[in-house]
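Here's the structure, in structure tokens; my notes come after.
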Amino acid sequence: MTPYSSPSDQPYPGSGSAVHGARPPDGDAARGFAALVQQSADFIAMAAADGTVDYLNEAGRRLIGLADTDALYSRPLASLVLLADDPALDGRFEREVLAGVLGGTPWRGDLGLRRHDAEGCVTGATILASCTVFPLRDRQGRVSGFGLVARDVAQARQAALRTQARVELGDRLRELDDPAEMARTAAEIMGRTLGVSRAGYGTIDAVRETITIERDWTLPGISSLAGTLRFREFGSYIEDLKRGETVVFADAETDPRTAAAALERIEARSLVNLPIVEQGHFVALFYLNNKQARAWSESELDFVREMAGRAREAIERRRAQHQLHRLADDLQRLVAQRTAERDRMWRLSSDVMLVVTLEGAIESVNPAWHSVLDWNETDLLGHNCAELIHPDDLPSTQAELGRLSTGRVTQHFENRYRHRDGSYRWLAWTAVPEGGRVHAVGRDVTEEKASAEARQLLEAQLRQAQKMEAVGQLSGGIAHDFNNLLTGITGSLELLGTRLSQGRLQGVERYITAATGAAGRAASLTHRLLAFSRRQTLDPRPTNLNRLIGGMEELVRRTVGPTITVEVVQAGGLWITLCDPNQLENALLNLCINGRDAMPAGGRLTIETANSWLDERAARERDLPPGQYVSLSVSDTGVGMEPETASRAFDPFFTTKPLGQGTGLGLSMIYGFVRQSGGQVRIYSEIGQGTTMALYLPRHHADGAEESAEVAASPIPPAESGEAVLVVDDEPTVRMLVADVLEELGYRAIEAQDGASGLQVLQSGTRVDLLVTDVGLPGGMNGRQLADAARRERPDLKVLFITGYAENAVIGTGLLAPGMELLTKPFAMSTLGRRIRNMIEP
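Below, the structure is given as structure tokens:
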């Protein structure tokens, strides 16, 4: 054989050799053939008849790990291959393969190609290859050597083995029922496929840091790890597993996380641990052990993760199936139990039960029909329930069946069913539609309804008795106070008349002052009574409590006297509330006077404002809707109240003051005013510690600043030329006085005694700049109705209501429309004139 130098300077057999008797290439063909061999991805080698290497291509050199091929040309080619995986069988290649090839017979089969290290020494590792060994002949046809072409099939074989493992895993897992056995089977298949020493699966106690293994798979001669093992005995890598990380090491001797000696004792110098994490907890482990050190490729680790994932999914499906079977069994038992209970309830219930069609045909009834209505099952089946229902209840019953036919559930429905004796019994029904039928349960409430009617009658009688008692109290109090006031008025007027008839005018002013004062106190009494009954007509305005209190502070200090220290605590950024400021001033003054009277030896009176946001609980405790409120509190350090006294504090004419020192209407007036304003009053008191009266008024959200009170001291501007005011009042005296005031101010006064005559004026072409009307008018049209009718004729007409007593319903919600105001009788004529001027020319 003659060496030939290829274009890459690699030796190649010369033209003196032929393959399988073919004509050896020469010239350009030889060079092309050499380049083809050199660039091939297969292992290609040639040797002389004595077996020494004559040529090895680049792919072959890389495959077995040689840095260069110079050292090979003196070595036998047989030293690069093994016929079997076991090195102890070395020599079989020469005996079983070369003998035949050198005799002229090619050989095909699998060989192990030996790997080499950087120094060119054999490492002991082999690469599985599919090989063809064939004779090389010279030009005379004699065998002059042999060639070897090998292809690495390890990856293909490995892929085939792993595919087979996946199929086997699926087949075997389908046959197994126990999750633990399924996991162990998956570990066994992984172990056999990857050729490791041991494989298994165990459950984890993360607190004790232990693994419990029922049984595992091992190669012959390798011990089982069945039992409970402590991770810490084998190193610190338990921490990695707890974090859900796969633990891999090729050699326990070189990995710092391991206790190498302990792992050597269990024949696990190399391992893979794959944790199973459920809901964030480390619960189980797949493990692979190898007795010798072993490098784990990424493809092997991917295979382990894939197989573990498949096994885990199969195990979870099996557990879900078990759970489903258990649920099905439990459901079956529960259905049987409930069916038995339903049958017992059907038989033993004291309530009537029935099943009817949506048309009302009775299909089934329980025995209670006999005890409640004296009907037997045979009396009812096949009949329509309408035959037993009271005629007055048939329309409502048919309507309820119609609602049931739409799928709605009846929570409570009452009707009357006929008893066998001809009487009727009230039944309260609960019903549900199902499958074109209605299942219903009815409870006999005849006695309950009779008791309820009797209770309502007794309650009405009690309320009437309480009302009569309150009327007696009111009558006595009103009679006492008004007799005193009328005495002052009539006596003053009588003496005034006597002096006038005698021409004695000196000193008559004091009689006028006395009568006016008595009339003012009478007006105050009626205001208090109206406030308590919550029938007082209010003039609500946006009000700032801090400003109102500031304007009254000096009055309060003078009223309570020097022995009482007054402290005012005003909240910053206080919300505006909508209320009648005059009534609120009266309420505040009353509370301060009550506080003063509770501290006869002196003390401290605190007036405090605050913004309060009441949630559902706090609002419920105060009997208010949830929301934002402005609170006004008056606290004293006085004697306090007993609970019984506090509970009666708002009753009319109830007082703890000595006879003649109080009417008992102060707190009742405050209560009525605050409640009518949408608020609430609460008393907090302890004996010997004092009392706090807290007023809660709703926050007012409307834009605009608060309104200020009228300035009474300013002079009344006169009327402009031609301005006319229509006065409607059924009381001639009031009508006369108002007309006189208007004429004094230069207005043209038009009078009407009722709503109808006033409306005639408004429907005519007469000029009317302002309507002044009493709220309570005779003849079927009250003042509010007159104003509404007038607004339809004259939308911009200003209206001033004057009233001494008005239902809330007359004023609507208690609030007046724009362009409408209200003045409460009795009033000063000067106040009337100023209000009229302000309304006509705001």
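In the numbering used here, the protein residues as written are 1 to 842. The beta carbon of each residue, even a glycine, is placed where N, CA and C say it ideally should be.
Query raised in the report: Can the beta-carbon of serine 685 be found closer than 8 Å to that of alanine 719?
Result: Using a Cβ distance threshold of 8 Å, serine 685 and alanine 719 do not count as a contacting pair.
**Report entry** In DSSP terms, what isoleucine 750 is bridged to
**Finding:** As a beta-bridge residue in DSSP terms, isoleucine 750 pairs with Leu726.
Report task. Return yes when the Cβ of phenylalanine 801 is within less than 8 Å of the Cβ of glycine 783, no when it is not. Result -> Contact: yes.
Query - Residue nearest to phenylalanine 282 in terms of C-alpha spacing, selected from Arg333, Val304, Thr203 and Met353 - result: Thr203 is the residue among Arg333, Val304, Thr203 and Met353 whose C-alpha sits nearest the C-alpha of phenylalanine 282.
Query raised in the report: Do valine 81 and tryptophan 107 have their C-beta atoms closer together than 8 Å?
Result: No, Cβ-Cβ distance for valine 81 and tryptophan 107 is not below 8 Å.
Query raised in the report: With DSSP run on the structure shown, which of helix, strand or coil describes glutamate 807?
Result: Caution is warranted here: a pLDDT of 42 is assigned to glutamate 807, below 50, making its placement in the model unreliable, and the coordinate value is therefore given only provisionally. The answer is coil: DSSP assigns glutamate 807 none of H, G, I, E or B.
Query raised in the report: Going straight from the alpha carbon of leucine 832 to that of isoleucine 670, what length do you get?
Result: Between leucine 832 and isoleucine 670, the C-alpha separation is close to 26 Å.
Query raised in the report: Taking the C-alpha atoms as reference points, what is the distance between leucine 83 and cysteine 121?
Result: Those two C-alpha atoms are separated by around 19 Å.
Report task. Report the option in Gly602, Val674 and Glu744 whose CA atom is closest to the CA atom of glycine 690. Result -> Closest by alpha carbon: Gly602.
Query raised in the report: So, is isoleucine 607 buried or exposed, given that buried needs 16 or more other C-beta atoms within 10 angstroms?
Result: That one is buried.
Query raised in the report: In its own chain, which residues sit with a C-beta less than 7 Å from the C-beta of proline 626, not counting the 5 before and 5 after it?
Result: Closer than 7 Å at Cβ, skipping near neighbours: Leu614, Asp615, Glu616 and Ala619.
Query - Stretch pair the segment 136-144 + the segment 152-171: three plus CB contacts closer than 8 Å - result: Contact fails: fewer than three Cβ-Cβ distances are below 8 Å.
Requested in this report: Give the straight-line distance between the Cα atoms of glutamate 723 and leucine 742, rounded to the nearest whole angstrom.
Outcome: So the two alpha carbons sit approximately 10 Å from each other.
Query raised in the report: Is it a yes or a no for the segment 313-331 touching the segment 397-415, going by three-plus beta-carbon pairs under 8 Å?
Result: The segment 313-331 is not in contact with the segment 397-415.
Query raised in the report: Distance, Cα to Cα, alanine 295 vs asparagine 57?
Result: When rounded, the distance between both Cα atoms is 28 Å.
Requested in this report: Can you check the segment 390-455 for any beta strand (DSSP E) of at least 3 residues that lies completely inside it and give the ranges in chain order?
Outcome: Positions of the beta strand (DSSP E) runs, each at least 3 residues long and wholly inside the segment 390-455, are given as 410-418, 424-434 and 437-444 in order along the chain.
Query raised in the report: Skipping 5 residues on each side, what residues in its chain have a beta carbon closer than 7 Å to that of alanine 428?
Result: Only His412, Glu414, Gly442, Arg443 and Val445 meet the Cβ criterion.
Query raised in the report: Around the C-beta of aspartate 343, are 16 or more other C-beta atoms found within 10 angstroms, so that it is buried, or is it exposed?
Result: Exposed, since its Cβ has fewer than 16 Cβ neighbours within 10 Å.
Query - Simplified DSSP assignment, three categories, for tryptophan 346 - result: If DSSP states are grouped into helix, strand and coil, tryptophan 346 belongs with the helices.
Requested in this report: Could you check which residue in Gln583, Glu214, Thr516 and Glu363 has the C-alpha nearest to that of methionine 847?
Outcome: This structure does not reach residue 847, given that the chain is present from 1 up to 842, and the question cannot be answered.
Query raised in the report: By Cβ distance below 7 Å, which residues in the same chain neighbour glycine 191 in space, the five residues on each side in sequence not counted?
Result: Excluding residues within five positions, the ones whose Cβ falls inside 7 Å are Arg198, Ala199, Trp217 and Leu288.
Report task. Check whether the segment 266-282 touches the segment 241-248, taking contact to mean three or more Cβ pairs, one atom from each stretch, closer than 8 Å. Result -> The segment 266-282 vs the segment 241-248: in contact.
Query raised in the report: From phenylalanine 231 to isoleucine 189, what distance separates their C-alpha atoms?
Result: Rounded to whole angstroms, the gap between the alpha carbons of phenylalanine 231 and isoleucine 189 is 24 Å.
Query raised in the report: Quick one, which of Ile211, Arg604, Glu447 and Ile362 has its alpha-carbon nearest valine 560's?
Result: Distance check between valine 560 and each of Ile211, Arg604, Glu447 and Ile362 places Arg604 closest, using alpha-carbon atoms only.
Query raised in the report: Does DSSP classify proline 718 as helix, strand or coil?
Result: It is coil, neither helix nor strand.
Query raised in the report: In chain order, which alpha helix (DSSP H) runs of at least 4 residues are fully inside the segment 153-224?
Result: For the segment 153-224, whole alpha helix (DSSP H) runs of length 4 or above, ordered along the chain, are 154-175 and 179-194.
Query raised in the report: When the Cα atoms are used, what is the spatial distance from proline 7 to phenylalanine 33?
Result: In this prediction, proline 7 has a pLDDT of 33, which is less than 50 and means its spatial position is unreliable; what the coordinates show is noted afterwards. Here the alpha carbons of phenylalanine 33 and proline 7 stand approximately 11 Å from one another.
Requested in this report: Can you say whether leucine 500 is buried or exposed, counting buried as having 16 or more other CB atoms within 10 angstroms of its CB?
Outcome: Leucine 500 comes out exposed.
Report task. Specify, as a first and last residue, the run of the alpha helix (DSSP H) that glutamate 264 falls within. Result -> Element bounds for glutamate 264: 260-265.
Requested in this report: Sort out for me which residues DSSP pairs glutamine 680 with in a bridge.
Outcome: Answer is Tyr696, bridged to glutamine 680.
Query raised in the report: Taking the continuous beta strand (DSSP E) assigned at glutamate 567, which residues delimit it?
Result: Segment 564-569, the beta strand (DSSP E) holding glutamate 567.
Query raised in the report: What number of angstroms, rounded off, separates the C-alpha of glutamine 753 from the C-alpha of valine 772?
Result: Looking at the two C-alpha atoms, the distance is approximately 12 Å.
**Report entry** Own chain partners of alanine 571 with C-beta closer than 7 Å, once the 5 adjacent residues on each side are dropped
**Finding:** Closer than 7 Å at Cβ, skipping near neighbours: Thr609, Ala610 and Asn611.
Query raised in the report: Just the Cα atoms here: how many angstroms apart are valine 432 and alanine 386?
Result: Distance between the alpha carbons of valine 432 and alanine 386 is about 18 Å.
Query raised in the report: How many Å lie between glycine 145 and glycine 65 at the Cα?
Result: Distance between the alpha carbons of glycine 145 and glycine 65: 25 Å.
Query raised in the report: Does the distance from the C-beta atom of aspartate 769 to that of valine 725 stay below 8 Å?
Result: Annotated as proximal: aspartate 769 and valine 725, with beta-carbon spacing under 8 Å.
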